[in-house]
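Student: This is the structure I want to talk about, given as C-alpha cells.
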Amino acid sequence: MQLAANIADRTPWLAARLAVVRRSHAALAAIIALASAMRLYDLGHGHPGLAIYSAISKNAYTSFDNWLYPSVFVDGSFLADKPPVFFWIQGAFIAVLGPSNIALRLPAALTGIASVILLFVIVRRLHGTRAGLASALVMATMPMDANFSRGVFLEPVTTLTMLVAAYFVVRAVQERREGFFYVASAVVGLAFMVKLWQGLLPVPAFALMALFHRWTPWPRFVRTAAVCTAIALASGLWWPTMVWLTAGSYDAVMHSSSVWDMIFGWNLLDRFGGLEYGGTSYRQDPLWFVTGPLGVFFGIALIPGALIGIAMLARRRALGQAVLWLAWLGVAVAGFGPTSVKLASYWASVTPAVAALSGVGFVFMAEDRSRMKWLWPLLLLIAAVGFVYYAYAFGLARTTEGPFALSEFVGLLLALGFVIFAGTVVIQTVFPGFIGKREAPSLFVPAAIWVAIVLLNAQVAAVNILAPRTDTLGRIGFDMITVPSSEPERPIQTSRPRLRGAVITAIVRVEPENLDAALEYIQQNRGDSRYVLAADSYNTAARVALLTGKPVLPLYSEYQDTRVTDIDTLDALVHEGDVRFVLTSPLMQYMDRVLFSWMLGHAAEDLTNRFGLPRDEMRLLRIAR
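Sequential numbering from 563 applies to the sequence shown in the numbering used here.
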C-alpha cells in the first residue's frame, strides 16, 4: 500500500518530467531538421571549386602509396600540404559516389550536422537542456557554419573532431574519470591529423578545464597530464614521423622543403610572417574578423549574443564551466587576429564556442532576469550596441540583392528601442516613481533579443543558400553575400597578394565545358608524353589532375612565389617529349616574367581561342620540341 501511495504521489511529477523530455526531444529534432535542410539543400549545385584537396582525395584510394602519402597527382610526386585524415574521409565518398559535387561536399555537410547535435550534448551537460537547445539552434543557423558545411572544406570535419574531444574532456571532469582524458587526448591528435594547428584550437581550454576541476593530488595530476601529452603526440605525429623516415617515397612536399617544414613553416610560422594571399578585401588589423565582409558573415553571430553570454556567465561565477568556451574563443582571437594570411576558414572552427556562449547567454538571461539589478540595463545596452553593429554590417550589404537594407533599418530600430528601454530602467531605479515603478523584467525582452539574433543570422544563411554567388568567390564555395571591400582598389599588378589570389582562382573562372573540350583534345594529341600538360600553378594543375586522373607538371607555387620546376628541367622534359602543352594564366607575366617568356617563346601554337578559353584568364599553348 505504501509503495502504491508513493507511486501515486510521484505520478504527476513523472508525467511532468516526461512531458519536458518529450518537448526537448521534439525541439532537438526540429533543430536537426533545420540544420540538415540548410546543409543539404541543393548541395550539388554550382562549380566544384578549387581542386587541390579534391584531387588529393580522389587519388587516395588509387594505391596504398597515395593513401599513405596523399598527393595532388596520381604519380605521388608531390606530398600534400595537410595530413591524410580528411582525404581518407572525402576519398571514401568519391570512391563510392564518383567525383561529383555531392561526393565532394557530403563529408562537410554530414559532419556539420553532427556538430550541431554534439554541441547540444556538450552544452546540456555543462549548462542544462534549454541552453543546449538554444546553442544548437544558433549553430544551425549561423551563416559561417552553414556555408562551410556546404563546401569542399576541411573545417567542418575539424570542428566535429574538436567537439568529440571536448565531449570526453567534459565527461572526464564531471565523472572524475581520468580515462576520458586519455580518449580526449587521442582525439586531439586526430584533430591535428585533420588540419594541423587549427585542430588544436581548444586545447588550452581543455587544459584550463582540467585544472579548474582537478580532483586528484598534484603529483597524480601532473602524471595524468604527461600521459595525455604523450598520447596526443603519438596520435598526431605518427604520420609525419613516418613520412620523414621514408622521404624517398615522394619527390617533394607542397609549399615546403620537408614534412616538418610543412607543419611548422607553411602551416604555422608563414601565416604570421610576410606571406599574404586571399582575404585581400579584409581590413589589415587584428579586428578584421568583425569588420568588412566578415561582419555580416561571422560578426553578427558573435555580437551581441556571445557578449551577453560572457556577461551572464560572469554573473553566475560559472568560470569552471565557462572556461571551455571563453578560452576557445580567446585563443582564436589572439591567434587569428594578427595573421598575415587572412582566411575566413579560420573562424569556422570557432563557431561552437560562439554558438554556446550565445545560447547560454539567452537562457541565463531569461532565468535570472528577476534577480538582476544594475546588470539588467547593462545587458540591454550590450544588446543595443550589438544591434547598432548589425546595422553597420547589413549597411555594408545594402546594395546587394536581398532584404539587407530592411535588416539595416531593423537593426537601428532595435538598437534605439533597447537604449530607450535601458534608460527607462535606470531612471526607475535611481528615481523611483518618476516615470513609474520598476517592474520585474518580462521574459519577452530576452526572447526578443534572441529571436532577432537567430532570425537575422538565419536570413543571411538562407540568402547565401538560395541565391549563391556566381563570381569567383561563389565558384570556390564561399556562397556568402557580396560585401564591398574595405580596402582601396589598386591595379592588380601593384598588389602581390591580389596577384597570388588571381592566379590561384584563374582556373575556376574557366567554364567547365570549355576546359573539358581542351583536355579532350590534349589527351588525343599528347602521344606518349609523361605529363598531360605543364600548368602554371598548383591550382591549375590540380584541376587538370582531378579531371584527367593523369600526372600534371606544376611550374610555379602561386602561394610562395617560387618556381616548382626550374627552366633547365622544363627544357629537358620538352626535349624528351614529356611535356607538349602548357596551361597558364597571363598574369604569370607579373609573377615570373622569365618563366612566362619561356612559355611564349617555346609555343608552336596558341590554342586558347579554339576552345573558347577566356584569354585574359587562361592560355593554352602547344609547345615545340
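Cβ coordinates follow ideal geometry from the N, Cα and C atoms, glycine included.
Note that the coordinates shown come from a computational prediction; the quantities given were computed from them, not determined experimentally.
#1: Starting from Phe1143 and walking both ways along the beta strand (DSSP E), at which residues does that stretch end?
#2: Apart from the five residues just before and just after Gly1036, which ones in its own chain have a Cβ nearer than 6 Å to its Cβ?
#3: Going by C-alpha distance, which of Arg1177, Ser818, Leu752, Pro781 is nearest Leu795?
#4: Based on Cα-Cα distance, which residue from Gly973, Leu978, Pro1003, Leu976 lies nearest to Val987?
#5: My output table needs one value for Asp1168: the three-state DSSP class, helix, strand or coil.
#6: At the level of alpha carbons, what is the spacing between Val885 and Val922?
#7: Short of 6 Å in beta carbon distance, which residues of its chain neighbour Ser697, apart from the five on each side in sequence? Order them along the chain.
#8: With distances taken between CB atoms, is the gap from Gly713 to Ala670 smaller than 8 Å?
#9: On the three-state DSSP scale, how would you describe Ile1038?
#10: Name, in chain order, the residues that DSSP records as bridge partners for Thr1124.
#11: Let's test the definition: count the other Cβ atoms within 10 Å of the Cβ of Gln652 and tell me whether it reaches 16, buried, or not, exposed.
#12: In three-state DSSP terms, what is Arg584?
#13: Less than 8 Å between the beta carbons of Tyr615 and Leu716, yes or no?
#14: Per DSSP, which one or two residues make a beta bridge with Leu1182?
#15: Does Ala906 come out as helix, strand or coil in the three-state DSSP assignment?
#16: Considering only residues of the same chain and omitting the five flanking positions on each side of Glu1179, which have a CB-CB separation below 7 Å?
#17: Assess contact between the region 938 to 958 and the region 972 to 980, defined as three or more Cβ pairs (one per stretch) separated by less than 8 Å. Is contact present?
#18: Measuring only the C-alpha atoms, how far is Ser586 from Arg692?
#19: Does the separation of the CB atoms of Ala928 and Pro1008 fall below 8 Å?
#20: Using only the alpha-carbon positions, how far apart do Gly841 and Phe834 sit?
#21: Terminal residues of the continuous alpha helix (DSSP H) containing Arg782?
#22: Check whether the Cβ atoms of Val634 and Ala1107 lie closer than 8 Å to each other.
#23: Leu725 CB to nearest chain D CB: under 8 Å?
#24: Relative to the alpha-carbon of Asp643, which residue among Tyr1118, Ile825, Met706 has its alpha-carbon at the smallest distance?
#25: Ala727 and Val750 look like a contact to me (Cβ under 8 Å); what is the Cβ gap, rounded to whole Å?
#26: Determine the contact status of Arg1184 and Val1136, defining contact as a CB-CB distance below 8 Å.
#27: Following the continuous alpha helix (DSSP H) through Arg692, name the residue where it begins and the one where it ends.
#28: Residues bridged to Phe710 by DSSP?
#29: Is it a yes or a no for the region 656 to 670 touching the region 1128 to 1143, going by three-plus beta-carbon pairs under 8 Å?
#30: Taking the straight line between their C-alpha atoms, what separation do you get for Gly827 and Met1153?
#31: Does the distance from the C-beta atom of Leu1169 to that of Ile1129 stay below 8 Å?
#32: In the DSSP assignment, what are the bridge partners of Leu641?
#33: Which residues share a DSSP beta bridge with Ala1096?
#34: Do you know offhand how far Arg785's Cα is from Val745's?
Tutor: On the basis of the supplied data:
#1: Against the sequence shown, residue 1143 aligns to sequence position 581. The continuous beta strand (DSSP E) containing Phe1143 extends over residues 1143 to 1146.
#2: By 1-based counting over the sequence shown, the position of residue 1036 is 474. The residues are Pro1030.
#3: Sequence index remark: in the sequence shown, residue 795 carries index 233 (1-based). Nearest option by C-alpha distance: Leu752.
#4: Residue mapping note: residue 987 aligns to position 425 of the sequence shown, counting from 1. When only C-alpha atoms are compared, the closest one is Pro1003.
#5: The residue labelled residue 1168 in the question sits at position 606 within the sequence shown. In the structure shown, Asp1168 sits in a strand (DSSP, three-state: E or B).
#6: To locate residue 885, count along the sequence shown from 1; it is residue 323. To locate residue 922, count along the sequence shown from 1; it is residue 360. If you take the alpha carbons of Val885 and Val922, they lie about 13 Å apart.
#7: Here the question's residue 697 lines up with position 135 in the sequence shown. Contacts found: Leu681, Val685, Ala917, Ala918, Gly921.
#8: For this step, residue 713 is matched to residue 151 along the sequence shown. For this step, residue 670 is matched to residue 108 along the sequence shown. Contact flag set, yes.
#9: In the sequence shown, residue 1038 corresponds to position 476, counting from 1. Annotated three-state conformation of Ile1038 is coil, per DSSP.
#10: Counted from its first residue, the sequence shown places residue 1124 at position 562. Beta-bridge annotation (DSSP): Thr1124 is paired with Ser1119.
#11: Here residue 652 refers to the residue found at position 90 when the sequence shown is read from its first residue. Gln652 comes out buried.
#12: For the purposes of this step, residue 584 is identified with residue 22 of the sequence shown, where counting begins at 1. Here Arg584 sits in helix by DSSP.
#13: The residue you call residue 615 lines up with position 53 of the sequence shown. The residue you call residue 716 lines up with position 154 of the sequence shown. Yes, the Cβ-Cβ distance between Tyr615 and Leu716 is below 8 Å.
#14: Within the sequence shown, residue 1182 is the residue found at index 620, counting from 1. Paired residue(s): Leu1145.
#15: Here residue 906 refers to the residue found at position 344 of the sequence shown. Ala906 falls in the coil class under three-state DSSP.
#16: Along the sequence shown, read from residue 1 onward, the residue named residue 1179 stands at position 617. Within the same chain, Glu1179 has close Cβ partners Ala1068, Arg1071, Val1072, Ser1147.
#17: Flag = yes, the region 938 to 958 and the region 972 to 980 touch.
#18: For the purposes of this step, residue 586 is taken as the residue at position 24 of the sequence shown. For the purposes of this step, residue 692 is taken as the residue at position 130 of the sequence shown. In this model, Ser586 and Arg692 are separated by some 8 Å (Cα to Cα).
#19: Numbered from its first residue, the sequence shown carries residue 928 at position 366. Numbered from its first residue, the sequence shown carries residue 1008 at position 446. Yes, Cβ-Cβ distance for Ala928 and Pro1008 is below 8 Å.
#20: Within the sequence shown, the letter at position 279 stands for residue 841. Within the sequence shown, the letter at position 272 stands for residue 834. Any reading at Gly841 is ruled out, since the residue's pLDDT is 48, under 50, leaving its predicted position unreliable.
#21: In the sequence shown, residue 782 corresponds to position 220, counting from 1. Looking at the DSSP string, the run of the alpha helix (DSSP H) that includes Arg782 is 780 to 807.
#22: Residue mapping note: residue 634 aligns to position 72 of the sequence shown, counting from 1. Residue mapping note: residue 1107 aligns to position 545 of the sequence shown, counting from 1. Inclusion of Val634 and Ala1107 in the CB contact set at 8 Å is warranted, their separation being smaller than that value.
#23: Looking for chain D here will not work: only one protein chain is present.
#24: The residue labelled residue 643 in the question sits at position 81 within the sequence shown. Ranking the options by Cα distance to Asp643, first place goes to Ile825.
#25: Against the sequence shown, residue 727 aligns to sequence position 165. Against the sequence shown, residue 750 aligns to sequence position 188. Right, the Cβ-Cβ distance comes to about 5 Å (below 8 Å), so this counts as a contact.
#26: Start at 1 with the first residue of the sequence shown, and residue 1184 comes out as number 622. Start at 1 with the first residue of the sequence shown, and residue 1136 comes out as number 574. The beta carbons of Arg1184 and Val1136 sit no closer together than 8 Å.
#27: Position 130 of the sequence shown, counted from the start, is the residue given in the question as residue 692. Secondary structure note for Arg692: its alpha helix (DSSP H) is the uninterrupted segment 691 to 703.
#28: Stepping through the sequence shown from its first residue, residue 710 is reached at position 148. Bridge partners of Phe710: none, in fact.
#29: With the cut-off at 8 Å, the region 656 to 670 and the region 1128 to 1143 do not touch.
#30: By one-based count along the sequence shown, residue 827 stands at place 265. By one-based count along the sequence shown, residue 1153 stands at place 591. Cα-Cα distance, rounded: 22 Å.
#31: Here residue 1169 is taken as the residue at index 607 of the sequence shown, counted from 1. Here residue 1129 is taken as the residue at index 567 of the sequence shown, counted from 1. No, Cβ-Cβ distance for Leu1169 and Ile1129 is not below 8 Å.
#32: Working through the sequence shown from its first residue, we reach residue 641 at position 79. Answer is Ser633, Val815.
#33: Taking the first residue of the sequence shown as 1, we reach residue 1096 at position 534. Beta-bridge pairing links Ala1096 to Leu1115, Val1144.
#34: Within the sequence shown, numbered from 1, the residue matching residue 785 stands at position 223. Within the sequence shown, numbered from 1, the residue matching residue 745 stands at position 183. For the pair Arg785 and Val745, the Cα-to-Cα distance works out to about 16 Å.
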